[in-house]
Amino acid sequence: MSQQETHGFQTEVKQLLHLMIHSLYSNKEIFLRELVSNAADAADKLRYLALTNDALYEGDGELRVRVSANKDKGTVTIEDNGVGMTREGVIEHLGTIAKSGTAEFFKNLSGDAARDSQLIGQFGVGFYSAFIVADKVTVRTRAAGEAADKAVQWESEGEGSFTVTDIVKENRGTEIVLHLRDDEKEFADDWRLRSIITKYSDHISVPVEMWEEGTPERDGEDGEKIPATEGAWKVMNKATALWNRNKSDISDEEYQEFYRHISHDYGDPLNWSHNRVEGKHEYTSLLYIPAKAPWDLWNRDYKHGLKLFVQRVFIMDDAEQFMPSYLRFVKGLIDSNDLPLNVSREILQDNKVTQSMRAGLTKRVLGMLEKLAKDDSDKYQQFWTEFGQVLKEGPAEDFANKERVAGLLRFASTHNDASTQNVSLDDYIERMKDGQKHIYYIVADSYEAAAHSPHLELLRKKGIEVLLLSDRIDEWLISHLTEYKEKQLHSVTRGDLELGDLEDEAEKAEQEKIANEAEDLIKRVKDALGDKVKDVKVTMRLTDTPACVVVGEGEMSSQMIKLMQAAGQPVPEVKPIFEVNPSHPLVARLNELQDEQSFAEWSELLLQQALLSEKGSLSDPSKFVSLMNKMLLSGLK
52 MSQQETHGFQ TEVKQLLHLM IHSLYSNKEI FLRELVSNAA DAADKLRYLA LTNDALYEGD
112 GELRVRVSAN KDKGTVTIED NGVGMTREGV IEHLGTIAKS GTAEFFKNLS GDAARDSQLI
172 GQFGVGFYSA FIVADKVTVR TRAAGEAADK AVQWESEGEG SFTVTDIVKE NRGTEIVLHL
232 RDDEKEFADD WRLRSIITKY SDHISVPVEM WEEGTPERDG EDGEKIPATE GAWKVMNKAT
292 ALWNRNKSDI SDEEYQEFYR HISHDYGDPL NWSHNRVEGK HEYTSLLYIP AKAPWDLWNR
352 DYKHGLKLFV QRVFIMDDAE QFMPSYLRFV KGLIDSNDLP LNVSREILQD NKVTQSMRAG
412 LTKRVLGMLE KLAKDDSDKY QQFWTEFGQV LKEGPAEDFA NKERVAGLLR FASTHNDAST
472 QNVSLDDYIE RMKDGQKHIY YIVADSYEAA AHSPHLELLR KKGIEVLLLS DRIDEWLISH
532 LTEYKEKQLH SVTRGDLELG DLEDEAEKAE QEKIANEAED LIKRVKDALG DKVKDVKVTM
592 RLTDTPACVV VGEGEMSSQM IKLMQAAGQP VPEVKPIFEV NPSHPLVARL NELQDEQSFA
652 EWSELLLQQA LLSEKGSLSD PSKFVSLMNK MLLSGLK
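Read left to right, the sequence shown gives residues 52 to 688 (the numbering used here).
Written out as structure tokens, the structure is:
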């Protein structure tokens, strides 16, 4: 007895179906690209499974995709003899979007058709693109190796629900019938479908076939009879793996369309590299740098890695072993001649061939980025805006390529007046002043906090450039990137501000004089603050601010403490070094106070101000406000 069930769509599917119909109307023909691509993937997966179970072919090893139209019925059919689906697979894959974080994706949708269509492209349109042109979709499928009566039919009008019915299907694989909307009947035309296949699916290695009618017997020009021909399925695409063709024979349009096929991205890639390696290890790679970050790039469950083929046989998606995590945005494939056909993720993990290929592919991607940065700074800036924070993970992860990755990093700096991160370490070194030995930087919660930090006052006065770091990952980055091209990176908020040859003898003498004259003041402040600070010193880094706090060399910075606390990690107590500026009027007035109680309170107020400026918050803000009000009131009296 045939079993029929009705299921409701997942909420996100309903939203996506609505967007399919209303946001992608300007490029409706992509439905065929997506469905043919899925069918080709099903064929690839069967080819892989059949490596260990030849019976799955069921006597038919010629894998293919067939596309046909029926003008009278107003339908388009896409059929494959690939791996097929079970009943459970149909309900799972055609009723839900099996990606984590989908709710966050839909939160980002604005309702603006043009913007949302780009976002949908990054999400991947897939099977649901059928509803762009169809008001009803029927899917009949049987998993390879299952009995004919284990097939299932899925059907929906793209509204709130779908039905699943048990059927009999003699052939394995999947057949999708699109019942076209009245205003989309143009797609029930063989010529129209051929042109779309040629445009979007020429690169697919599985043959994509369409029926070609036979011709009746007819008279030739010389009077001889031309015999009738029978109708037959004809291949519409080259059906040769694009990566195995000569680069000179592949157009940019073909490379771009292949990118969309493997990435399910709606837009063009920023750059790509097609390369064949021969020698100790033989493999072909085709790597792409996307123009846009996928919406779920920072999701913990984000799948990344390359498609792996072995001797042109598809093995797995998302083979992350061939690319380091900081390059997880790279899309593409690798086709190896050296790995076994039955290779698994576990074998890949510790395989020497894999490690060698990973090293080679990493260097190739870094080379692509270096060339892009050199040849097209605008495009590289576009890349940096999308993926810069991911690349900043590189120096900590990839010691062998630390210097190369560092050369690709971009920062905001005091050289510019904007928060744009477009300054490279090489740019900085080129602008360094004579006698400057360090690359100076500051890490803060925001660009504004970094740019207006009092720690920059002396450096600004001297015209010394400082890198302004404000991304969450920057403190982690800088803990692993301590030098670049033999130039030490030096924090302006840590320890003594070492200016070396940038200070002349007269400046050093003046600083020493100020420090000597302030010895009594420093001792009084130190006694007043007690164990609230590690030390009190005369500052050499301030010109317009009364005081600041710094941490000692080798101690954890306030930014790192914040990161660890946010992650729920225990942190050691780090007492600040309090630096005061004796030249500032407030400190001069403080020095004149004879009442030790009042002196201690003003010292405490200056410390709290400095901590607030450095950290952006205080552990006891109400106490600070109370103290400040008291001091203000005493001043008014």
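Don't be surprised by glycine CBs; every beta carbon is placed ideally from N, CA and C.
3-residue-minimum beta strand (DSSP E) runs that sit fully inside the stretch 190-267, ordered along the chain
Taken in chain order, the complete beta strand (DSSP E) segments of 3 or more residues contained in the stretch 190-267 are 202-207, 212-218, 224-231 and 259-263.
Let me know the secondary structure DSSP gives Thr533 once reduced to three states.
Here the question's residue 533 lines up with position 482 in the sequence shown. In this structure, Thr533 counts as coil in the three-state DSSP scheme.
So within the stretch 321-347, which uninterrupted beta strand (DSSP E) runs reach at least 3 residues, ignoring any that extend past its ends?
Those beta strand (DSSP E) runs which fall completely within the stretch 321-347 and span 3+ residues are 322-328 and 334-340.
Count the other C-beta atoms from every protein chain shown that fall within 10 angstroms of the C-beta of Leu170, then say buried if there are 16 or more, exposed otherwise.
Position 119 of the sequence shown, counting from 1, holds the residue named residue 170. Bear in mind that a pLDDT of 48 at Leu170, under 50, signals an unreliable position, so the number given afterwards is only what the model happens to contain. Buried.
So Glu397 and Val215 are supposed to be a Cβ contact under 8 Å. How far apart are they, rounded?
On the sequence shown, residue 397 is found 346 positions in, with the first residue counted as 1. On the sequence shown, residue 215 is found 164 positions in, with the first residue counted as 1. No, Glu397 and Val215 are not in contact; Cβ-Cβ is about 35 Å, not under 8 Å.
Please name the residue or residues paired with His489 in a DSSP beta bridge.
Numbered from its first residue, the sequence shown carries residue 489 at position 438. According to DSSP, His489 bridges with Gln539.
CB-CB under 7 Å to Phe438, same chain, minus the five flanking residues each way: which ones, in chain order?
As a first step, residue 438 must be located in the sequence shown, where it is residue number 387. These residues qualify, in order along the chain: Ala344 and Phe380.
Taking the DSSP output, what are the residues bridged to His58?
Along the sequence shown, read from residue 1 onward, the residue named residue 58 stands at position 7. His58 is bridged by DSSP to Phe213.
Specify the secondary structure class of Trp294 as computed by DSSP and reduced to three states.
As a first step, residue 294 must be located in the sequence shown, where it is residue number 243. In the structure shown, Trp294 sits in a helix (DSSP, three-state: H, G or I).
Spatial neighbours of Gly271 in its chain, beta-carbon cut-off 6 Å, leaving aside the 5 residues before and after
Stepping through the sequence shown from its first residue, residue 271 is reached at position 220. Ile277, listed in sequence order.
What span of residues does the alpha helix (DSSP H) with Glu130 cover, start to end?
To locate residue 130, count along the sequence shown from 1; it is residue 79. Counting along the chain, Glu130 sits inside no alpha helix (DSSP H); it lies in the beta strand (DSSP E) bounded by residues Thr126 to Asp131.
Host alpha helix (DSSP H) of Ser649 (start-end)
Reading the sequence shown from its first residue, position 598 is the one you call residue 649. In the DSSP assignment, Ser649 falls within the unbroken alpha helix (DSSP H) covering Glu647 to Lys666.
Does the stretch 373-390 touch the stretch 113-131, meaning 3 or more C-beta pairs lie closer than 8 Å?
Short answer: they don't touch.
Coarse secondary structure for Met367, derived from DSSP in three states
Walking along the sequence shown from the start, residue 367 turns up at place 316. Met367: strand per DSSP, three-state reduction.
Does Lys358 pass the burial test, meaning 16 or more other C-beta atoms within 10 Å, or should it be called exposed?
For the purposes of this step, residue 358 is identified with residue 307 of the sequence shown, where counting begins at 1. The C-beta of Lys358 has 16 or more other C-beta atoms within 10 Å across all chains shown, which makes the residue buried.
Pick out whichever of Asp316, Met287, Arg311 and Ser324 has its Cα sitting closest to the Cα of Asn297.
Numbered from 1 along the sequence shown, position 246 holds the residue referred to as residue 297. For the residues Asp316, Met287, Arg311 and Ser324, the minimum Cα distance to Asn297 belongs to Ser324.
Which runs of the alpha helix (DSSP H) at least 4 residues long sit entirely within the stretch 550-589? Give them in chain order.
Unbroken alpha helix (DSSP H) stretches of 4 residues or longer found wholly inside the stretch 550-589: 556-568 and 570-580, given in chain order.
So, for Arg363: in the same chain, excluding its five sequence neighbours on each side, which residues have a beta-carbon less than 8 Å away from its beta-carbon?
Counting from 1 along the sequence shown, the entry for residue 363 is found at position 312. Excluding residues within five positions, the ones whose Cβ falls inside 8 Å are Ser256, Ala292, Asn295 and Asp386.
Would you decide whether Gly172 is buried or exposed? Buried here means 16 or more other CB atoms lie within 10 Å of its CB.
For the purposes of this step, residue 172 is taken as residue 121 along the sequence shown, with counting starting at 1. For Gly172, the predicted model reports a pLDDT of 46, less than 50, meaning its position is unreliable; a value from the coordinates is still stated below. Gly172 sits buried, since 16 or more C-beta atoms from the chains shown fall within 10 Å of its C-beta.
Please return the same chain residues whose Cβ sits closer than 8 Å to the Cβ of Asn467, not counting the five positions on each side in sequence.
Along the sequence shown, one-based indexing puts residue 467 at 416. For Asn467, where only same-chain residues beyond five positions count, the Cβ hits under 8 Å are Asn473 and Val474.
Could you tell me which of Val134, Met419, Ile247 and Lys430 sits nearest to Glu226, measuring between CA atoms?
If you number the sequence shown from 1, residue 226 lands on position 175. Considering only alpha carbons, the answer is Val134.
Residues near Arg511 by beta carbon distance below 7 Å, same chain, minus five either side
Start at 1 with the first residue of the sequence shown, and residue 511 comes out as number 460. Excluding five sequence positions before and after Arg511, the CB atoms of its chain that fall closer than 7 Å to its own CB belong to Thr465, given in chain order.
Is it true that the CB of Ala579 sits closer than 9 Å to the CB of Ser654?
On the sequence shown, position 603 is the one that residue 654 refers to. On the sequence shown, position 528 is the one that residue 579 refers to. For Ser654 and Ala579, yes; Cβs fall inside 9 Å.
Closer than 9 Å to chain D by CB, Leu658:
Structure shown: chain D not included; a single protein chain is present.
Where Ser504 and Ser521 are concerned, what is the direct C-alpha to C-alpha distance, given to the nearest angstrom?
Reading the sequence shown from its first residue, position 453 is the one you call residue 504. Reading the sequence shown from its first residue, position 470 is the one you call residue 521. The alpha-carbon separation between Ser504 and Ser521 amounts to approximately 12 Å.
Over the uninterrupted beta strand (DSSP E) stretch that includes Glu630, give me the two end residues.
Counted from its first residue, the sequence shown places residue 630 at position 579. In this chain, the beta strand (DSSP E) harbouring Glu630 covers Ile628 to Val631.
Flag this pair as yes or no: are the beta carbons of Arg191 and Leu107 separated by less than 9 Å?
Along the sequence shown, one-based indexing puts residue 191 at 140. Along the sequence shown, one-based indexing puts residue 107 at 56. In this structure, Leu107 does not lie closer than 9 Å to Arg191 by Cβ.
Counting C-beta neighbours from all protein chains within 10 Å, is the total for Lys564 16 or more, i.e. buried, or is it exposed?
Mapped onto the sequence shown, residue 564 falls at position 513. Per the 10 Å Cβ criterion, exposed.
Please confirm whether Trp637 and His506 have their CB atoms less than 9 Å apart.
The sequence position of residue 637 within the sequence shown is 586, counting from 1. The sequence position of residue 506 within the sequence shown is 455, counting from 1. It is Leu, not Trp, that sits at residue 637 in the sequence shown. Not a contact, by the Cβ cut-off of 9 Å.
Would the stretch 595-609 count as touching the stretch 552-562 if we require 3 or more Cβ pairs under 8 Å?
Flag = no, the stretch 595-609 and the stretch 552-562 do not touch.
Should Ser499 be labelled buried (16 or more other beta-carbon atoms within 10 Å of its own) or exposed?
Translated into the one-based positions of the sequence shown, residue 499 becomes position 448. One point to set straight first is that residue 499 is Glu, not Ser, in the sequence displayed. Classification of Glu499: exposed, given that the 10 Å Cβ count is below 16.
Three CB pairs or more closer than 8 Å across the stretch 612-630 and the stretch 597-604:
A contact exists between the stretch 612-630 and the stretch 597-604.
Looking only at its chain, what residues have a beta carbon closer than 6 Å to the beta carbon of Ala195, apart from the 5 residues adjacent to it on each side?
Taking the sequence shown and counting its residues from 1, one reaches residue 195 at position 144. Once the five neighbours on either side are set aside, the close Cβ partners of Ala195 are Leu97, Leu107, Val134, Gly135 and Arg223.
Where do the N-terminal and C-terminal ends of the alpha helix (DSSP H) with Val141 fall, by residue?
One-based indexing of the sequence shown puts residue 141 at position 90. For Val141, the enclosing alpha helix (DSSP H) begins and ends at Arg138 to Gly146.
Identify which residue in Trp527, Tyr353, Met367 and Ala202 has its Cα closest to the Cα of Lys613.
Reading the sequence shown from its first residue, position 562 is the one you call residue 613. Ranking the options by Cα distance to Lys613, first place goes to Trp527.
Taking 9 Å as the cut-off, decide whether the C-beta atoms of Arg311 and Arg84 are in contact.
Position 260 of the sequence shown holds residue 311. Position 33 of the sequence shown holds residue 84. Taking 9 Å as the Cβ cut-off, Arg311 and Arg84 qualify as a contacting pair.
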